[in-house]
Amino acid sequence: QVQFVESGGGLVQPGESLRLSCTASGSIRSIYGMGWYRQAPGKQRELIARLTKAGITDYADSVRGRVTISRDNAKNLVYLQMNSLKPADTGFYYCNSAPQPAQWGQGTQGTVSA
8 QVQFVESGGG
18 LVQPGESLRL
28 SCTASGSIRS
38 IYGMGWYRQA
48 PGKQRELIAR
58 LTKAGITDYA
68 DSVRGRVTIS
78 RDNAKNLVYL
88 QMNSLKPADT
98 GFYYCNSAPQ
108 PAQWGQGTQG
118 TVSA
(Lines of atoms letter the chains of each structure in order from A and count residues from 1; the text may use other names and numbers.)
(Lines give C-alpha, C1' and ligand atoms only; values in the text may rest on other atoms or scores of the structure.)
Protein backbone atom coordinates (compact mmCIF):
# COMPACT_ATOMS: atom_id res chain seq x y z
CA GLN A 1 0.00 0.00 0.00
CA VAL A 2 1.31 3.43 -0.92
CA GLN A 3 2.25 5.64 2.02
CA PHE A 4 2.40 9.41 2.00
CA VAL A 5 4.79 11.83 3.68
CA GLU A 6 3.73 15.45 3.85
CA SER A 7 6.02 18.45 4.29
CA GLY A 8 6.13 22.19 3.85
CA GLY A 9 3.99 23.40 6.71
CA GLY A 10 4.99 26.17 9.03
CA LEU A 11 3.98 29.38 10.75
CA VAL A 12 2.98 32.23 8.47
CA GLN A 13 1.13 35.51 8.78
CA PRO A 14 -2.28 36.17 7.26
CA GLY A 15 -1.98 36.89 3.56
CA GLU A 16 1.18 34.88 3.10
CA SER A 17 1.65 31.62 1.23
CA LEU A 18 2.65 28.03 1.85
CA ARG A 19 3.56 25.29 -0.59
CA LEU A 20 2.94 21.82 0.72
CA SER A 21 4.53 18.73 -0.75
CA CYS A 22 3.57 15.08 -0.54
CA THR A 23 5.92 12.25 -1.37
CA ALA A 24 4.42 8.85 -2.06
CA SER A 25 6.33 5.66 -1.28
CA GLY A 26 5.12 4.10 -4.50
CA SER A 27 3.59 4.99 -7.79
CA ILE A 28 0.58 7.29 -7.79
CA ARG A 29 0.12 6.93 -11.52
CA SER A 30 -2.70 4.45 -11.09
CA ILE A 31 -4.46 6.40 -8.35
CA TYR A 32 -7.34 8.16 -10.05
CA GLY A 33 -7.83 10.97 -7.53
CA MET A 34 -5.26 12.51 -5.23
CA GLY A 35 -6.30 15.01 -2.63
CA TRP A 36 -5.29 17.25 0.19
CA TYR A 37 -7.20 17.08 3.43
CA ARG A 38 -7.18 19.48 6.34
CA GLN A 39 -8.00 18.94 9.98
CA ALA A 40 -8.53 22.20 11.77
CA PRO A 41 -8.33 22.34 15.57
CA GLY A 42 -11.42 20.75 17.07
CA LYS A 43 -12.85 19.79 13.69
CA GLN A 44 -13.04 16.70 11.55
CA ARG A 45 -10.67 16.12 8.70
CA GLU A 46 -12.08 17.38 5.42
CA LEU A 47 -11.13 17.10 1.78
CA ILE A 48 -10.19 20.55 0.50
CA ALA A 49 -8.64 19.84 -2.89
CA ARG A 50 -8.71 16.97 -5.36
CA LEU A 51 -7.03 16.34 -8.69
CA THR A 52 -7.81 13.41 -10.92
CA LYS A 53 -5.53 11.73 -13.43
CA ALA A 54 -7.56 13.41 -16.13
CA GLY A 55 -6.65 16.80 -14.72
CA ILE A 56 -10.01 17.59 -13.20
CA THR A 57 -9.79 19.64 -10.03
CA ASP A 58 -12.26 20.21 -7.27
CA TYR A 59 -11.90 22.54 -4.31
CA ALA A 60 -13.80 23.14 -1.11
CA ASP A 61 -15.60 26.46 -0.98
CA SER A 62 -13.39 27.57 1.89
CA VAL A 63 -10.23 27.46 -0.23
CA ARG A 64 -11.43 27.86 -3.83
CA GLY A 65 -9.54 30.61 -5.60
CA ARG A 66 -6.70 30.57 -3.10
CA VAL A 67 -5.19 27.11 -3.49
CA THR A 68 -3.95 25.01 -6.37
CA ILE A 69 -3.33 21.29 -6.31
CA SER A 70 -0.92 19.64 -8.70
CA ARG A 71 0.64 16.23 -9.13
CA ASP A 72 3.77 14.84 -10.74
CA ASN A 73 3.04 11.22 -11.49
CA ALA A 74 6.57 10.58 -12.72
CA LYS A 75 8.05 11.64 -9.39
CA ASN A 76 5.16 10.46 -7.20
CA LEU A 77 4.67 13.93 -5.82
CA VAL A 78 1.58 15.96 -5.01
CA TYR A 79 1.65 19.66 -4.20
CA LEU A 80 -0.69 22.20 -2.67
CA GLN A 81 0.04 25.86 -3.28
CA MET A 82 -1.85 27.99 -0.80
CA ASN A 83 -2.04 31.76 -1.14
CA SER A 84 -3.74 34.56 0.78
CA LEU A 85 -3.79 32.41 3.86
CA LYS A 86 -6.23 33.11 6.67
CA PRO A 87 -6.23 32.09 10.33
CA ALA A 88 -9.05 29.68 9.43
CA ASP A 89 -6.57 27.77 7.29
CA THR A 90 -4.70 26.67 10.39
CA GLY A 91 -4.56 22.91 10.82
CA PHE A 92 -2.86 19.70 9.90
CA TYR A 93 -2.66 18.94 6.20
CA TYR A 94 -2.62 15.45 4.76
CA CYS A 95 -2.44 14.07 1.27
CA ASN A 96 -4.13 10.85 0.31
CA SER A 97 -6.18 9.27 -2.39
CA ALA A 98 -9.52 10.98 -2.83
CA PRO A 99 -12.34 10.74 -2.28
CA GLN A 100 -11.57 7.39 -0.67
CA PRO A 101 -8.47 7.79 1.50
CA ALA A 102 -6.10 4.95 2.29
CA GLN A 103 -3.57 4.89 5.12
CA TRP A 104 -2.92 8.30 6.63
CA GLY A 105 0.50 9.85 6.99
CA GLN A 106 1.70 12.12 9.78
CA GLY A 107 0.57 15.27 8.07
CA THR A 108 2.20 18.67 8.13
CA GLN A 109 1.04 21.50 10.32
CA GLY A 110 0.23 24.91 8.96
CA THR A 111 -0.42 27.78 11.31
CA VAL A 112 -1.65 31.17 10.15
CA SER A 113 -1.33 33.79 12.83
CA ALA A 114 -0.34 37.39 13.22
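This note's numbering numbers the first residue of the sequence shown as 8 and each following residue consecutively.
For every residue, glycine included, the Cβ atom is placed at its ideal position computed from N, Cα and C.
Remember, it's a predicted structure, so these values are computed and weren't measured experimentally.
- Contact between the stretch 10 to 25 and the stretch 49 to 69 is absent: fewer than 3 CB-CB pairs across the two stretches fall below 8 Å.
- Judged by DSSP in its simplified three-state form, Ala-56 adopts strand.
- Take Gln-46, set aside five residues on each side of it, and the residues of its chain with a beta-carbon closer than 7 Å to its own are Arg-52, Gly-98, Phe-99, in chain order.
- Look at Ala-31 here: in three-state DSSP terms it is strand.
- DSSP places Asp-65 in the strand class (E or B) of the three-state scheme.
- Under a 10 Å Cβ-count criterion, Arg-26 is classified as exposed, with fewer than 16 other Cβ atoms of the shown protein chains found around its own Cβ.
- For Ser-24, same chain residues with a beta-carbon under 8 Å away, outside a window of 5 residues either side, are Gln-88, Met-89, Asn-90, Ser-91, Leu-92 in chain order.
- Taking 8 Å as the cut-off, the beta carbon of Tyr-39 is found closer than this to the beta carbon of Lys-60.
- If the five residues before and after Ser-32 are omitted, its C-beta is found closer than 7 Å to the C-beta atoms of Val-9, Gln-10, all from its own chain and listed in chain order.
- Within the model, the alpha-carbon separation for Cys-102 versus Ile-63 is close to 17 Å.
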